[in-house]
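Single-structure report; data block below.
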Amino acid sequence: MARFWLCAGCTVFFLAFLILHSRFSGSSVLREFIFQISWRSEEILYKLDVGWPKHSEYFTGATFCVAVDSLNGLLYIAQRGDNIQKVLVFTEDGYFLRAWNYTVDTPHGMFAASTLYEQSIWITDVGNDFLMLWLHGENGTGPAKFNIPHSVTVDSSGRVWVADRGNKRIQVFDKDTGVWLGAWNNCFTEEGPSSVRFTPDGKYLIVAQLNLSRLLFVAAPPVGSIGYCSVISSIQLADQVLPHLLDVSGKTGAIYVAEIGAKQVQKYVPLKS
Numbered sequence: 001m002a003r004f005w006l007c008a009g010c011t012v013f014f015l016a017f018l019i020l021h022s023r024f025s026g027s028s029v030l031r032e033f034i035f036q037i038s039w040r041s042e043e044i045l046y047k048l049d050v051g052w053p054k055h056s057e058y059f060t061g062a063t064f065c066v067a068v069d070s071l072n073g074l075l076y077i078a079q080r081g082d083n084i085q086k087v088l089v090f091t092e093d094g095y096f097l098r099a100w101n102y103t104v105d106t107p108h109g110m111f112a113a114s115t116l117y118e119q120s121i122w123i124t125d126v127g128n129d130f131l132m133l134w135l136h137g138e139n140g141t142g143p144a145k146f147n148i149p150h151s152v153t154v155d156s157s158g159r160v161w162v163a164d165r166g167n168k169r170i171q172v173f174d175k176d177t178g179v180w181l182g183a184w185n186n187c188f189t190e191e192g193p194s195s196v197r198f199t200p201d202g203k204y205l206i207v208a209q210l211n212l213s214r215l216l217f218v219a220a221p222p223v224g225s226i227g228y229c230s231v232i233s234s235i236q237l238a239d240q241v242l243p244h245l246l247d248v249s250g251k252t253g254a255i256y257v258a259e260i261g262a263k264q265v266q267k268y269v270p271l272k273s
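For the sequence shown, UniProt numbering gives the first residue as 1, with consecutive numbering after it.
Quick look at the structure:
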């Protein structure tokens, strides 16, 4: 007997269809399926800011990465393409400030590390030599081995979370010792994670899945326990949007997603509780 997963907005339509089909066809489809419906509801945590950015015409290439400089209220976006500005600088509100096309060849990832005394932005460039991680794991599928380690973040407890995209899992390590603490793979049976970031309150790990064009909000585990991956909410983007890397504002909690398929960056803002 078939089993269905239904979104809340689809349920009324589906039940109406079953009732009409049963009434006019004389079948027992309603009695057969009505009690087999499984209800799965998700908490809605974020919504799209449709007014961001103010100047989208500056997106002229494939937007690979984004970094939030929360200290200065700035957003850095790196894009690939020929004869374009490789790095764009916006305010968090979406106003374009400046761009540059030097020192960067083929940007892949980016991180803002500004202090009270200086502004700085770090860019991984696959067109030049660079050092990826302090973890020197070999290629493989076992603990502390990697297959396309694609993104990394650190939580407030000093745990390093690595998006091990090719192995369809997130691996967790101690920041100071490098000791392997565990891995999550139960949430990534369809596709591995391409980007990982925590919300400012540390309650959720935000995960981008590139080819599924999906964002997941996963409950962060308590200190001392990795446990299992538990998805609390998700955002399904349009087909072929391809969210590559994302970053989160430490002040507002807004999520900025670099989409290489759509060639844009989109902003999602937290819903007020």
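From the three backbone atoms N, C-alpha and C, an ideal C-beta is built for every residue, glycine too.
What you are looking at is a predicted structure, and each value in this text was computed from that prediction instead of being measured.
Item: Start and end residues, beta strand (DSSP E) containing residue 149; Value: 149–154
Item: Stretch pair the segment 152–170 + the segment 183–200: three plus CB contacts closer than 8 Å; Value: yes
Item: DSSP state of residue 138 mapped onto helix, strand, coil; Value: coil
Item: Residue 270 versus residue 217 - alpha carbon distance; Value: 12 Å
Item: Residue 109 - DSSP class collapsed to helix/strand/coil; Value: strand
Item: Cα-Cα separation between residue 116 and residue 106, rounded to whole angstroms; Value: 29 Å
Item: Close beta carbons around residue 25, own chain, < 7 Å, minus the five adjacent residues each side; Value: With a pLDDT of 46 at residue 25, under the threshold of 50, the modelled position of that residue is not reliable, and the figure given next carries that caveat. Closer than 7 Å at Cβ, skipping near neighbours: no residue.
Item: Distance between beta carbons of residue 74 and residue 66, contact taken as under 8 Å; Value: The Cβ separation is near 11 Å, so there is no contact.
Item: Neighbourhood of residue 70 by C-beta distance below 6 Å, restricted to the same chain and skipping five residues each side; Value: 249, 250, 251
Item: Completely contained beta strand (DSSP E) runs for the segment 181–255, where each covers 3 or more residues; Value: 195–198, 204–209, 214–219, 231–236, 243–248
Item: Distance between residue 89 and residue 206 (C-alpha atoms, nearest Å); Value: 23 Å
Item: Whole-angstrom distance between residue 51 and residue 164, CA atom to CA atom; Value: 33 Å
Item: Pair within 8 Å by beta-carbon distance, residue 153 and residue 197; Value: yes
Item: Under 8 Å between C-beta atoms of residue 63 and residue 208; Value: no
Item: Counted within 10 angstroms of its Cβ, other Cβ atoms place residue 175 as buried (16 or more) or exposed; Value: exposed
Item: Rounded C-alpha distance that separates residue 222 from residue 253; Value: 20 Å
Item: Length of the line joining the Cα atoms of residue 145 and residue 112; Value: 27 Å
Item: Burial state of residue 228 (16 or more Cβ within 10 Å); Value: exposed
Item: Cutoff 6 Å; reference residue 94; Cβ partners in own chain excluding five residues on either side; Value: 52, 53, 54
Item: Assigned exposure category for residue 245 - 16 Cβ within 10 Å defines buried; Value: buried
Item: Per DSSP, the bridge partner or partners of residue 160; Value: 154, 173
Item: Own chain partners of residue 236 with C-beta closer than 6 Å, once the 5 adjacent residues on each side are dropped; Value: 214
Item: Chain-order list of residues whose beta-carbon lies under 8 Å from that of residue 211 (same chain, five-residue window excluded); Value: 191, 242
Item: Buried versus exposed, by CB contacts within 10 Å (16 or more), residue 194; Value: buried
Item: Straight-line Cα distance separating residue 204 from residue 110; Value: 21 Å
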